[in-house]
Amino acid sequence: MTDATPRQRWLLGPGHDCEPRTTGTRPYRLILLGAPGVGKGTQAALLSARLGACQLSTGDVLRGARTLDACDRSPAIAAALDAMSRGELVPDDVVLQIVRERVDCLRCGGGFLLDGFPRTLAQADALDALLAHERVELDAVVSYELPIPAIVARLSGRRVCPACKAVFHLETQPPRVAGRCDHCGTALVQRDDDRPEAVRVRMETYAEATAPLIDYYGSRGLLVRVPAHGAPDDVLRRTLGALDARVPAPSRA
Ligand code: AMP
Numbered sequence: 105m106t107d108a109t110p111r112q113r114w115l116l117g118p119g120h121d122c123e124p125r126t127t128g129t130r131p132y133r134l135i136l137l138g139a140p141g142v143g144k145g146t147q148a149a150l151l152s153a154r155l156g157a158c159q160l161s162t163g164d165v166l167r168g169a170r171t172l173d174a175c176d177r178s179p180a181i182a183a184a185l186d187a188m189s190r191g192e193l194v195p196d197d198v199v200l201q202i203v204r205e206r207v208d209c210l211r212c213g214g215g216f217l218l219d220g221f222p223r224t225l226a227q228a229d230a231l232d233a234l235l236a237h238e239r240v241e242l243d244a245v246v247s248y249e250l251p252i253p254a255i256v257a258r259l260s261g262r263r264v265c266p267a268c269k270a271v272f273h274l275e276t277q278p279p280r281v282a283g284r285c286d287h288c289g290t291a292l293v294q295r296d297d298d299r300p301e302a303v304r305v306r307m308e309t310y311a312e313a314t315a316p317l318i319d320y321y322g323s324r325g326l327l328v329r330v331p332a333h334g335a336p337d338d339v340l341r342r343t344l345g346a347l348d349a350r351v352p353a354p355s356r357a
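Note that this note's numbering has the sequence shown beginning at 105, numbered continuously upward.
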């Protein structure tokens, strides 16, 4: 998958350089919320290509840690990866350490699209403190919404490319050659946490820990609700329309 914005600094951590963004829009600073499987990651990648802001996914950073040799994993990271494969949330302190180490990405002049963070009220409070310290303001929090049966169907058919991270779906977005990535030909895999038992845990965890963030940001006037049914391009159009209504066009030029 082509990244509009190389995300080395986010994915690999501090000390890695990023190239300047190339789109001419204003910098957007957005949080993307939504249940697992709602299509948030797909929208983050499409929005990144359109708006030039980097997709900052905590899930991608944690999945990157899986490629470390067992002896290079700290006990905290090893425990986090175990929690992740069961579909549970990684402890707040581990996630917050990951984000704090990458605070440069929050102060980036190109803006950011936070994908999968925050996921708990404690993480949202910590993010508020980080942003206030950096004097950075959020433009909006986009909440993607879809009924639960549709989400479960999306998750069970999802296949991902372990090399370039492209996402496919057995029914709605099959690869051109069965089981192979359209972009790089690598064999597609099912994420551990897309297996049925982990999906059940993730949905329960979302309802308990993450759904309260909808009210948290709603009460601050930041929430933009976007129905997430239909093809990715349709959802993207809806998202851009909702953002236009919130951020008047002249100031986006
Ligand atoms: P995602 O790719 O965003 O669906 O994240 C995959 C998994 O990584 C989640 O099911 C969690 O186990 C873990 N994870 C990612 N982001 C967070 C976060 N902000 N807080 C806790 N766990 C997270």
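Glycine is no exception: its CB is placed at the ideal position from the N, C-alpha and C atoms.
- Rounded to whole angstroms, Ala-313 and Ala-226 show a C-alpha spacing of 10 Å.
- Here Cys-175 is exposed: its Cβ has fewer than 16 other Cβ atoms, across all protein chains shown, within 10 Å.
- Distance from the C-beta of Gln-147 to the nearest heavy atom of the ligand AMP is not below 7 Å.
- Boundaries of the beta strand (DSSP E) around Val-264: 262-264.
- Taking a C-beta distance under 8 Å as the contact criterion, Leu-317 and Leu-218 do not qualify as a contact pair.
- At least one heavy atom of the ligand AMP falls within 7 Å of the beta-carbon of Thr-162.
- Within the segment 120-178, complete alpha helix (DSSP H) segments of at least 4 residues are found at 144-155 and 162-169, given in chain order.
- Put simply, the backbone Cα of Leu-340 is about 15 Å away from that of Gln-159.
- Selection Glu-205, Pro-336, Arg-295 and Ser-152 evaluated against Gly-261 yields Arg-295 as nearest (Cα-Cα).
- A distance below 8 Å between beta-carbons, with the five flanking residues on each side excluded, links Ile-255 to the following residues of its chain, in chain order: Ala-139, Pro-140, Gly-141, Val-142 and Met-307.
- Of the candidates Asp-121, Asp-297, Arg-342 and Tyr-320, the residue whose Cα lies closest to the Cα of Arg-206 is Asp-121.
- Taking the Cβ of Val-194 as the reference point, at least one heavy atom of the ligand AMP falls within a distance shorter than 7 Å.
- Annotated as distal: Ala-182 and Val-198, with beta-carbon spacing of 8 Å or more.
- At a threshold of 7 Å, Asp-286 does not count as near the ligand AMP, since its beta carbon sits no closer than that to any of the ligand's heavy atoms.
- Relative to the ligand AMP, the beta carbon of Val-256 is positioned no closer than 7 Å to any heavy atom.
- Exclusion of Gly-261 from the 7 Å shell around the ligand AMP follows from its C-beta lying no nearer than that to any non-hydrogen atom of the ligand.
- DSSP, reduced to helix, strand and coil, places Ala-226 within a helical segment of the structure shown.
- Apart from the 5 residues on each side of it in sequence, Tyr-320 sits with its Cβ closer than 8 Å to the Cβ of Leu-225 and Ala-228 in its chain, given in chain order.
- The residue among Arg-204, Pro-251, Pro-131 and Arg-111 with its C-alpha nearest the C-alpha of Asp-243 is Pro-131.
- Beyond the five residues adjoining it in sequence on each side, Val-194 comes within less than 7 Å, by CB distance, of Leu-166, Ala-184, Ala-187 and Met-188 in the same chain, given in chain order.
- Between the alpha carbons of Leu-231 and Val-293 lies a gap of roughly 33 Å.
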